[in-house]
């Protein structure tokens with residue numbers, strides 16, 4: 022089955038700790054994205070990547086870092102510099118050429134920082 | 198003014214009703230419009246994807262885009278309890294590899 026997997030589903034951390042969220046896709050998509058969703062809010066873009074070893078900041082990149090060492094993987098690190106890290110984090114992927122270009126989402130990781 | 202406005206609801210309807218969900222936007226560069234359905238604590242699921250103005254139908258779902266009014270709609274016919282979810286509109290200026298701008302979502306409840 023092709024799709025996007027995110028792990029873990031729930032993550033709990035103490036304030037001041039860095040934490041890495043996993044995102045893997047086997048759809049052979051070139052582009053991958055990280056969004057954040059807060060209660061009653063739409064999704065906001067954190068980072069995106071169109072090609073291995075390259076990525077761009079989204080609207081709310083401060084306090085986050087990413088890497089793209091493999092086409093299939095796009096992990097997100099939430100650093101201690103992120104002031105309000107508790108949120109629902111969603112990873113997505115899409116084609117860049119040949120269509121269709123829709124973004125498909127994974128199941129999400131719910132991060133709670135206390 | 199936010200780029201994308203969407204009434205959060207909640208919207209409650211009886212089973213079998215026609216549901217109308219709407220978003221307005223301010224950026225005239227948006228050309229690609231999407232509707233996602235999100236069940237509680239799940240990732241969004243793509244329902245409809247349209248380009249520019251016009252209508253698109255898929256089963257019980259119809260998406261409409263009116264670029265002149267900067268207004269998009271999703272209609273759900275013969276609504277079912279399984280349609281109870283949050284519906285997110287999203288849009289982008291570019292076709293591929295660009296950020297989506299989302300509305301806040303409308304929560305729909307369909308009662309049997």
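Chains as they are written, first to last, in my numbering: chain Y, 22 to 135; chain Z, 198 to 309.
A virtual CB, placed ideally from N, CA and C, is assigned to each residue, including glycine.
These numbers were taken from a predicted model, which means no experiment stands behind them.
For this session: Within 10 angstroms of the Cβ of residue 236/Z, are there 16 or more other Cβ atoms? Answer buried if so, exposed if not.
Result: exposed
For this session: Go ahead and label residue 266/Z buried or exposed: buried means 16 or more other beta carbons lie within 10 angstroms of its beta carbon, across all protein chains shown.
Result: exposed
For this session: Starting from the beta carbon of residue 246/Z, find every residue of chain Y whose beta carbon is closer than 9 Å, and list them in chain order.
Result: 121, 122 and 123
Exercise. So what's residue 225/Z in DSSP terms, helix, strand or just coil?
Worked result: coil
Exercise. Over what stretch of residues does the beta strand (DSSP E) that includes residue 93/Y continue unbroken?
Worked result: Taken as a continuous stretch (DSSP letters only), residue 93/Y belongs to no beta strand (DSSP E), as it is neither H nor E.
Exercise. With C-beta atoms as the reference, is residue 261/Z less than 9 Å away from residue 273/Z?
Worked result: no
Exercise. Taking only beta-carbon atoms, is residue 300/Z less than 9 Å away from chain Y?
Worked result: yes
Exercise. Do three or more CB pairs link the region 203–218 of chain Z to the region 115–124 of chain Y at distances below 8 Å?
Worked result: no
For this session: Tell me where the beta strand (DSSP E) around residue 287/Z begins and ends.
Result: 282–289
Exercise. Using the C-alpha atoms, what's the distance from residue 285/Z back to residue 59/Y?
Worked result: 13 Å
Problem set entry | Interface flag, residue 268/Z vs chain Y, CB-CB below 9 Å | no
Exercise. Would you say residue 62/Y reaches chain Z, if we count a Cβ-Cβ gap shorter than 9 Å as a contact?
Worked result: yes
For this session: Since I believe residue 113/Y is in contact with residue 56/Y (beta carbons under 8 Å), could you give me their beta-carbon distance rounded to a whole number of angstroms?
Result: 7 Å
Exercise. Taking any Cβ of chain Y, which residues in the region 219–234 of chain Z have a Cβ under 9 Å from it, in chain order?
Worked result: 229, 231 and 233
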